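Below is one structure, written out as structure tokens; comments come after it.
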Amino acid sequence: EVALRAAFKCVSQSKQCVLLVPTTILAFQHYNTVVRRFEGFPVKVEMLSRFRTAKQQEEIIRRVHTYLTEHLSERITIEALSREFLMNTTTLKSAFKRVYGSSIAQHMKQHRMEAAAARLTQTQDDIAAIAKAVGYESQSRFTEAFREVYGEVPTEYRKRRCRTAENGAACCSCGKCGK
Numbered sequence: 100e101v102a103l104r105a106a107f108k109c110v111s112q113s114k115q116c117v118l119l120v121p122t123t124i125l126a127f128q129h130y131n132t133v134v135r136r137f138e139g140f141p142v143k144v145e146m147l148s149r150f151r152t153a154k155q156q157e158e159i160i161r162r163v164h165t166y167l168t169e170h171l172s173e174r175i176t177i178e179a180l181s182r183e184f185l186m187n188t189t190t191l192k193s194a195f196k197r198v199y200g201s202s203i204a205q206h207m208k209q210h211r212m213e214a215a216a217a218r219l220t221q222t223q224d225d226i227a228a229i230a231k232a233v234g235y236e237s238q239s240r241f242t243e244a245f246r247e248v249y250g251e252v253p254t255e256y257r258k259r260r261c262r263t264a265e266n267g268a269a270c271c272s273c274g275k276c277g278k
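For the sequence shown, the numbering used here assigns the number 100 to the initial residue and increments by one for each residue that follows.
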């Protein structure tokens, strides 16, 4: 009872709370109690134990992916994801790789570069602004990452796209082609 009251006080102040218990059976029992007692309050209750099925882990990983893609401009650590989604860091990394076929870092780099490529061809933003928009503080690190993925630096990528538009293809909307 004391733990539940302390947990409620914590979450009512917009903080996270974790209740640790020594066995999976107690975890399940306490989880059911907390869900029942906190019903009707704007509180998200989760349980992490070895009884989480692969399907439940996959649902969590898909939520992690959505969160990451909605926050491309931010650098989010594995530890922060682990805390936010109540999953051990090792389990988080291995489950993500199982669901998406690559590490979190590799997968997000690909998303960031795709978003950057789109901005290069659809806006007149300078390279530094695009780098920042996709989560790179350093323009040089962004340029190197872009080159690794696309085989050319962002300025060449943008120019090549504009040149293609000038030769009769649809305009890249950069505003520099005049098409």
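Yeah, the Cβ is synthetic: ideal placement off N, Cα and C, and Gly gets one too.
Owing to the predicted nature of the structure, the values given are computational and were not obtained by experimental measurement.
Could you say which of A204, H129, S193, I226 lies nearest to I159 if we only look at CA atoms?
Along the sequence shown, one-based indexing puts residue 159 at 60. Answer by Cα proximity: S193.
Straight-line gap, T122 to H129 (C-alpha atoms, nearest Å):
Counted from its first residue, the sequence shown places residue 122 at position 23. Counted from its first residue, the sequence shown places residue 129 at position 30. When rounded, the distance between both Cα atoms is 11 Å.
By the three-class DSSP mapping on this structure, what secondary structure does K154 have?
Counting from 1 along the sequence shown, the entry for residue 154 is found at position 55. In the structure shown, K154 sits in a helix (DSSP, three-state: H, G or I).
Given V117 as reference, the closest of N131, E145, F137 once Cα atoms are compared
Here residue 117 refers to the residue found at position 18 when the sequence shown is read from its first residue. The residue with the shortest Cα to Cα distance from V117 is E145.
Do Y120 and A126 have their C-beta atoms within less than 8 Å of each other?
For the purposes of this step, residue 120 is taken as residue 21 along the sequence shown, with counting starting at 1. For the purposes of this step, residue 126 is taken as residue 27 along the sequence shown, with counting starting at 1. The residue asked about is misnamed: residue 120 is Val in this sequence, not Tyr. The answer is yes: Cβ separation under 8 Å.
For C261, does the count of other Cβ atoms within 10 angstroms reach 16, so buried, or fall short, so exposed?
For the purposes of this step, residue 261 is taken as the residue at position 162 of the sequence shown. Buried.
Element boundaries [alpha helix (DSSP H), containing S239]:
The residue you call residue 239 lines up with position 140 of the sequence shown. Its alpha helix (DSSP H) spans residues 238-249.
Just to confirm my understanding: we take K114, look at its own chain, exclude 5 residues before and 5 after, and list those with CB closer than 8 Å. What are they?
By 1-based counting over the sequence shown, the position of residue 114 is 15. So no residue of the chain qualifies.
Residues near E213 by beta carbon distance below 6 Å, same chain, minus five either side
Within the sequence shown, residue 213 is the residue found at index 114, counting from 1. Excluding residues within five positions, none has a Cβ falling inside 6 Å.
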